[in-house]
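Working notes, beginning with the structure itself.
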Amino acid sequence: MFVAAMGCAVMVGADVASAEPDVVGQKYSDATTAIKNSGGTAVVASRVGDRLSEDDCIVTNAWEASFVRDGSADSGEVMLSLNCNGDYATATEPGASVQHPLGRDAMAADEEEAAEEAPSS
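Note that UniProt numbering has the sequence shown beginning at 1, numbered continuously upward.
In structure tokens:
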């Protein structure tokens, strides 16, 4: 019983001072700047694809690193999952699904840009 109570006290007392910034959907370069400005350190936890440079990869998930450490203090690490395939998937190119908000928004932006560049008749 005592051990369970101590475990609960540790969990309650281990609150992080500030949450990670909302960087999902941003380019990795922008996300790392936001994380650094909030006092954290960005760490790539997973990466899918290799078509984009790391700075241009899209952050698909972000979470605070575990506070459970082997003899070291929490350093404000924010774990990131990156999609480096491209903005959105097509029949010939990998990327985020257009069924996902990130892929859908990227496709809509490309279509809007193409419409603006098209000659008007």
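Note that CB positions come from ideal geometry on N, CA and C, so glycine has one too.
Linking E93 to C84 through their CA atoms gives a straight-line distance of about 12 Å. Measuring C-alpha to C-alpha distances from S46 to each of M107, A89, N61, D105 identifies N61 as the nearest. Beta bridge pairing from DSSP links N83 with V48, I58. Between V43 and the set Q26, E64, G103, D56, the nearest pair of CA atoms involves E64. D87 sits buried, since 16 or more C-beta atoms from the chains shown fall within 10 Å of its C-beta.
Taking a C-beta distance under 9 Å as the contact criterion, V59 and L80 qualify as a contact pair. For T41 and E112, the gap between their C-alpha atoms comes out near 35 Å. Looking from the CA of S29, the closest CA among S53, G39, S38 belongs to S53.
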